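Engineer:
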Amino acid sequence: MSRLSRKFKVPDPLANLYDFANSLDLRHFVHHGMQHREADELAGPRELGAWMSRRGLLSTGARITPAMFEAALDLRSNIRDYLQRDAADRRKAKDAVGALNRAVQLFPLAVEAGHRGMVLRPARSDALAGLSAVVGELYTASIDGTLDRLKMCASEECRRVFFDRSKPATRRWCMSSLCGNRMKTRAYRERRRALA
Ligand SMILES: [Zn+2]
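Taking my numbering, the leading residue of the sequence shown gets 1284, the next gets one more, and so forth.
(1) Cβ-heavy atom distance between residue 1443 and ligand 2 below 6 Å?
(2) For residue 1468, count the other beta carbons within 10 Å of its own beta carbon; 16 or more makes it buried, fewer makes it exposed. Which is it?
(3) Under DSSP, the beta strand (DSSP E) around residue 1393 begins and ends at which residues?
(4) From the DSSP output, in three-state form, read off residue 1401 for me.
(5) Please confirm whether residue 1457 and residue 1310 have their CB atoms less than 7 Å apart.
(6) Have a look at residue 1330 and residue 1285 and give me their C-alpha separation to the nearest angstrom.
(7) Looking at residue 1415: is its Cβ nearer than 7 Å to the Cβ of residue 1445?
(8) How big is the Cα-Cα spacing for residue 1337 and residue 1302?
(9) Along the alpha helix (DSSP H) that carries residue 1239, what are the first and last residues, could you check?
(10) Does residue 1375 get closer than 7 Å to chain C when you measure Cβ to Cβ?
(11) DSSP has residue 1314 in a bridge; who is on the other side?
(12) Residue 1365 and residue 1359 - do their beta-carbons sit closer together than 7 Å?
(13) Residue 1299 and residue 1395 look like a contact to me (Cβ under 8 Å); what is the Cβ gap, rounded to whole Å?
Right under this line is the structure:
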């Protein structure tokens, strides 16, 4: 879990997945007169190591190589591509599913019995092993249905991944008061312009 996952009430079993998908911040809207700047928490192998370390996902002092870093970015972009689709469409999106499968193959998991019952453990043992936790969360969230509630904000200027806590699970914006309103105002203006 992280400060942000707690703030937005993302269930803890999904927190690493949520944080990982949002380590790329593409928001570029103006809010309260301030231009939001796009940012990438995973700017390089060192930053990836720090990101993992903060979440207890770094169990070795070994270096993250450039190839490992590429595998991590590939995993993130394919997870984001999967999550940006409507929950009902994801499973049928052949290209996205194929690409996500190729990316997760580098993060194999093994079942292990422990004091909490059966758990998924990384099958890798190198510096990138801890990132398998993100893939494990994808799997368990898919089993318990919470993955369908992990969505990407429909605003092109936002693209944050959010957890939809609404009962019907039909939310399209990370924050209705922010992204939803901005999009509605724009649609209204465009309709007015079309009528003028
Ligand atoms: Zn948004």
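A virtual CB, placed ideally from N, CA and C, is assigned to each residue, including glycine. What you are looking at is a predicted structure, and each value in this text was computed from that prediction instead of being measured.
Structural biologist: So, from the data block:
(1) Ligand 2 is absent from the structure shown, which contains only ligand 1.
(2) exposed
(3) 1392-1397
(4) strand
(5) Not in contact: residue 1457 and residue 1310 (Cβ atoms no closer than 7 Å).
(6) 16 Å
(7) no
(8) Straight-line measurement puts the Cα of residue 1302 at about 11 Å from the Cα of residue 1337.
(9) Missing from the structure shown is residue 1239; the chain here goes from 1284 to 1479 and no further.
(10) In the structure shown, chain C cannot be found, because there is only a single protein chain.
(11) Answer by DSSP bridge pairing, in chain order: 1317.
(12) no
(13) A Cβ-Cβ separation of about 18 Å leaves residue 1299 out of contact with residue 1395 under the 8 Å criterion.
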